Structures are given as structure tokens and as C-alpha cells.
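Let me begin by presenting the structure, written as C-alpha cells, before commenting on it.
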Amino acid sequence: MKILRSIGVATLFLLLVACGNQLTQPSLEKDLDKAVEKLETSENGGLGNGILRMNYVTRFSWDRFYIFAPGTKGAEIDRALGFPWSDGEELAAGLKEGENLLVFVKNDRVKRYVQYQGRGEFVERKKPLTPHNAVFQAVISNGKTRVATVTDFK
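Read in order, the letters of the sequence shown correspond to residues -24 to -1, 1 to 130 in mature numbering (1 follows the signal peptide of the UniProt record, and there is no 0).
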């Protein structure tokens, strides 16, 4: 009986570890996609203020936010984050043109990441953004939406 209980506990633990990235906000990619769609709508005269505040989209606490492009090397990701992250290079390598690796950090640990494949392409940002300055606008050019921080428009 104790062996069965131990196996059950170990299995549950492994499932929680495997799903750890999704536990904080399973719908994050979908929520980001809706936020970018609102940006596009506001750009075309629809409702909305034309601003995406990342801390309004996320439902978890984070200190820093990074945007990496396809093919970003692991050493570049580690340098930007300020600590080693073994998954970074493999995740960035799996991205296609127009996709991004969005990384949320809390207390010098990756809290959540998204291989964003939704509407629009976020402009790469290896310097950290905080919940206060992770504010974005959309630029639509040649039918493609690029999402950049408002500071990039200065």
C-alpha cells in the first residue's frame, strides 16, 4: 500500500513539474492574441486606446519581461536574463519567422514563457521591461502588424 501511495505521489509531482509553465496562466498566448487584435482594431479606427500594457494582460506577478527573436543563441538569452536558463536556446531555435519567445522573470527565475505565434510580431527586446514600462503600440505596414514598446516610437 505504501508503495502504491509513493508511486502516486511521484506521478503527481512529475505532472505538476511538467505543467509548471502553464499553471500560472494557461490562456496567456490566447490572451496576448486578443490584446494584439485590439491593437489592430484601434489602429483602424475601432474601439480601444491603441496601447497594450503587458501587466494588464498577465494574471501573475513578474519583475522583468524580455522578447527574443527566432534563432537567438542561448548565451545571448542568458546574458540578457542575467542568469543561465537551459531551455532558452532550444525554445528560440524552434521559432519561425514572425514568432517570438516572450519570457517573464520573477526573482531571477523564469516564471513563464510563451512561444508566441499569434497575431502580430513583437519587436525583439533583450533589455528588460518592467510591469510599468512594458507598454506597446502596433505599427501596421504592408499588411503585417509589428508590436513595439512605446519608447521605440520616439
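We treat Cβ as the ideally placed atom computed from N, Cα and C, and that holds for glycine. Quick caveat: nothing in here was measured; it's all calculated off a predicted structure.
Whether residue i touches residue j by CB criterion (8 angstroms)
{"i": "E73", "j": "P107", "result": "no"}
{"i": "I53", "j": "G70", "result": "no"}
{"i": "residue 145", "j": "V123", "result": "Because residue 145 is not part of the residues shown, which for the chain are -24 to 130, the question remains open."}
{"i": "E75", "j": "Q91", "result": "yes"}
{"i": "residue 157", "j": "G94", "result": "Residue 157 is absent from the model: the chain starts at -24 and stops at 130."}
{"i": "L78", "j": "A68", "result": "no"}
Chain-order list of residues whose beta-carbon lies under 8 angstroms from that of residue i (same chain, five-residue window excluded)
{"i": "G126", "result": "Strictly speaking, residue 126 in this sequence is Val, with Gly absent from that position. Within the same chain, V126 has close Cβ partners I27, V111, F112, Q113."}
{"i": "A56", "result": "Y42, F44, K102, K103, P104"}
Exposure of residue i, with buried meaning 16 or more beta-carbon neighbours within 10 Å
{"i": "I(-22)", "result": "exposed"}
{"i": "A51", "result": "exposed"}
{"i": "F36", "result": "exposed"}
{"i": "F14", "result": "Correcting the residue type first, residue 14 is Lys in the shown sequence and not Phe. Under this definition K14 is a buried residue."}
{"i": "G96", "result": "buried"}
{"i": "Y89", "result": "buried"}
{"i": "Q(-3)", "result": "Low per-residue confidence applies at Q(-3): pLDDT is 46, beneath 50, and the placement is therefore not dependable, though the value from the model is reported in the following sentence. With fewer than 16 other Cβ atoms within 10 Å, it is exposed."}
{"i": "R85", "result": "exposed"}
{"i": "F98", "result": "buried"}
Extent of the continuous beta strand (DSSP E) to which residue i belongs
{"i": "N114", "result": "For clarity, residue 114 is Ala in the given sequence; the question names Asn instead. Its beta strand (DSSP E) spans residues 111 to 117."}
{"i": "N83", "result": "Unbroken run through N83: none, as it is neither H nor E."}
{"i": "R122", "result": "120 to 125"}
{"i": "R101", "result": "101 to 105"}
Same chain, Cβ closer than 7 angstroms to residue i, five either side skipped, listed in chain order
{"i": "K87", "result": "T(-1), F36, W38, F80, V81"}
Cβ neighbours of residue i in the same chain (closer than 6 angstroms, five flanking residues each side left out)
{"i": "V115", "result": "R122"}
{"i": "R40", "result": "V81, P104"}
{"i": "R29", "result": "V111"}
Quiz prompt | Inside the stretch 29 to 86 only - alpha helix (DSSP H) runs reaching at least 4 residues | solution = 30 to 33, 50 to 57, 64 to 69
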